[in-house]
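Data first, discussion second: the structure below is written as structure tokens.
Numbering (UniProt numbering), first residue to last: 1 to 152.
Shown next, in the form of structure tokens:
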């Protein structure tokens, strides 16, 4: 009787089965008729297992470097404050509001390039004063910067 199960290495994330690079054991028919022909998995041979292991090690090293860079950037941002001059009208209210794009531009003037989508504000900035913006560098590393909104 043929073996009912087979070991496969997933090439991409498969819902309710695993993530790319995972080694899974599935029913032979599911693997042979769906996962392999769709390119979602490959047979778990010795050579393929070694190749996947090397790829995982490289990915881990890259992730470590990314975390180190993010920590360095967070330390740099924590000691940085930006001043944004704005035109004001009556009651010291600014025309429009200060956005995350304005903050990203002010940081860029200091040679700190941050994507505006990574900058979040607790509330809209519509008056002069001191505010705090949060920069989400990577999922677990965030930094807060001081934003000074002053009269132009």
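All residues carry an ideal CB built from backbone N, CA and C; glycine is no exception.
Within the DSSP bridge table, the entry for residue 7 names 25 as partners. Taking C-beta atoms as the reference points, residue 141 and residue 59 fail to come closer than 8 Å. Annotation for residue 103: the continuous alpha helix (DSSP H) segment containing it runs 100 to 108.
Here residue 80 carries a coil assignment [DSSP, helix/strand/coil].
Per DSSP, residue 134 is one residue of the beta strand (DSSP E) stretching across 129 to 138. With a threshold of 16 other beta carbon atoms within 10 Å, residue 100 meets it and is buried. Under the three-state reduction of DSSP, residue 144 is assigned to strand. Beta-bridge partners of residue 43 (DSSP): 8. Bridge partners of residue 120 according to DSSP: 134.
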